[in-house]
Amino acid sequence: MSDALDDLAATLVVSASRFGRTASRATGTHRSLVAHRVLGNLHNEGPLRIGELTHLEGITQPAMTSAVNRLEAEGLVARTADPEDARASVVVLTDAGRAEVADFRLRAAAHVRPLLDALGPDDVDVLRRAGALFRDMTDAMVPGVAHARAPVAGAAPRG
1 MSDALDDLAA TLVVSASRFG RTASRATGTH RSLVAHRVLG NLHNEGPLRI GELTHLEGIT
61 QPAMTSAVNR LEAEGLVART ADPEDARASV VVLTDAGRAE VADFRLRAAA HVRPLLDALG
121 PDDVDVLRRA GALFRDMTDA MVPGVAHARA PVAGAAPRG
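All the letters of the sequence shown, read from the start, carry residue numbers 1 to 159 under the UniProt record's numbering.
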């Protein structure tokens with residue numbers, strides 16, 4: 001059984017990564033994958049320190065600082081004082097950054113929607129539940145992320 005679960009884990013990681021990259025490319029975006037992920041993390045998690053972004057993305061602090069500097073120069077993010085530690089700063093999305101995230105997600109979804117339209121209702125339901133499980137599994141892998149979410153219909157209870 002363990003080998004089957006190992007195979008499933010590997011398939012999920014590869015498939016989810018490939019799906020995300022493919023949907024991103026389909027939008028014709030000019031942003032790097034790191035830039036999109038920084039914007040997405042800030043949208044999903046709220047203000048974060050550079051070190052937290054570095055940890056989430058698994059890149060070096062200088063690389064993250066460079067990415068944030070570029071996004072800040074474009075007006076998509078800003079640095080503000082950390083409300084918990086005045087000596088530190090956090091990176092926040094600007095209105096322009098929020099608009100870019102929303103636009104990117106709409107364009108990516110527009111490429112995915114026809115694929116969903118071609119599926120039957122049972123498969124759509126499976127994907128709906130799988131998407132929620134993916135979200136919860138992702139949250140479980142990120143220390144400090146404890147989102148209060150409604151339980152997924154048909155999924156085992158969390159806890």
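In this text, a Cβ means the ideal position worked out from N, Cα and C, and glycines have one as well. Keep in mind that this is a model prediction, so the values were computed, not measured.
Exposed or buried, which one is residue i when buried takes at least 16 other CB atoms within 10 Å?
i, result
"V77", "buried"
"T60", "exposed"
"T11", "exposed"
"L8", "exposed"
"L5", "exposed"
Report the option in the options whose CA atom is closest to the CA atom of residue i.
i, options, result
"G40", "E57, R79, N69, G51", "E57"
"L33", "E84, A81, D136, F104", "F104"
"A26", "A132, R128, L106", "L106"
"L127", "V112, P83, M141", "V112"
"D45", "R98, A73, A86, A4", "Before going further, note that residue 45 is Glu rather than Asp in the sequence given. Minimum Cα distance to E45 is reached at R98."
"T94", "A73, D85, E84", "A73"
"F19", "S66, G131, M137, D139", "G131"
If I'm right that residue i touches residue j with Cβ under 8 Å, what's the distance once you round it to whole angstroms?
i, j, result
"L71", "A35", "6 Å"
"V91", "P47", "7 Å"
"A16", "F134", "7 Å"
"V38", "V14", "Rounded, the Cβ-Cβ distance is 23 Å, inconsistent with contact."
"R49", "A109", "So it is not a contact: roughly 30 Å between Cβ atoms."
"V101", "H43", "5 Å"
"L116", "V124", "6 Å"
"A96", "G120", "Incorrect: roughly 40 Å between the Cβ atoms, too far for contact."
"M64", "T54", "4 Å"
Pick helix, strand or coil for residue i, following the three-state DSSP scheme.
i, result
"S2", "helix"
"residue 224", "The question about residue 224 has no answer here: the residues shown for the chain are numbered 1 through 159."
"L119", "coil"
"R31", "coil"
"G20", "helix"
"E74", "coil"
"V142", "coil"
Checking the sheet assignment: what are the DSSP bridge partners for residue i?
i, result
"V13", "Note: V13 sits in no beta bridge, so no partner."
"V90", "T80"
"D85", "D82"
"L56", "Its beta-bridge partners do not exist; DSSP assigns none."
"L48", "V91"
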